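Asks:
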Amino acid sequence: DDGMFEGLRIATNRHVIVAAPDHLLARQQQIALRDLGSETWLVREEASGTRRLVDEYLAGAHIVPSKTTIGSNSAVAAAAMVGLGIGVVPLVAVEHQIVAGTLVQLDVVPSPPSRDWFALLPVRRPSPAARVLADFLTQR
18 DDGMFEGLRI ATNRHVIVAA PDHLLARQQQ IALRDLGSET WLVREEASGT
68 RRLVDEYLAG AHIVPSKTTI GSNSAVAAAA MVGLGIGVVP LVAVEHQIVA
118 GTLVQLDVVP SPPSRDWFAL LPVRRPSPAA RVLADFLTQR
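Here the working numbering is used: the sequence shown runs in plain steps of one and ends on residue 157.
1. In chain order, which continuous runs of the beta strand (DSSP E) of length 3 or greater are located wholly inside the segment 88-128?
2. Are the beta-carbon atoms belonging to Leu-138 and Leu-25 less than 7 Å from one another?
3. What are the partner residues of Ala-136, as DSSP defines its beta bridges?
4. Hey, quick one: how far does the alpha helix (DSSP H) through Leu-70 stretch, first residue to last?
5. Could you tell me how far apart the beta carbons of Pro-127 and Leu-50 are, in whole angstroms, since I believe they sit closer than 8 Å?
6. Out of Gly-118, His-32 and Ala-96, which has the shortest C-alpha to C-alpha gap to Thr-86?
7. Would you verify that the beta carbon of Ser-91 is, or is not, closer than 7 Å to some beta carbon of chain B?
8. Helix, strand or coil for Ala-37 per DSSP?
9. My output table needs one value for Leu-50: the three-state DSSP class, helix, strand or coil.
10. Go ahead and pull the three-state DSSP assignment for Val-60.
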């Protein structure tokens, strides 16, 4: 941190594990993460923060599953929707599909970690518009 910017926490980015509605585990409660080692995991590309989160999550459970790399959250969701595997995606990216019933959120224990979203604001002399936006984002 060189002191040029101030990080303002604006929201929690909750991640969920999704699968096709007809997946064998779709209606099961309290699925142990370690029991998902034989599943194909649909994961983001290596440079993705979501990929890093998934890799750390699986490593923490000592799971080394088969992985298929896919380039976007929407593509991970689409691949899960048609039964190509299970994927970890931000809830905000798939909430409408879960509500519509085209994807299911698996009830996995432990659930994937959440990450915070931040807005960056210049420490010295932020513009009035930047200050108003920052105030708006942090009050939500």
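We put the beta carbon where it would ideally sit given N, CA and C, even for glycine.
Just so we're clear, the structure is a prediction, and the values are computed from it rather than from any experiment.
Replies: Quick look at the numbers:
1. 103-107
2. yes
3. Leu-25
4. 66-77
5. 6 Å
6. Ala-96
7. Absent from the structure is chain B; it holds one protein chain and no more.
8. coil
9. helix
10. strand
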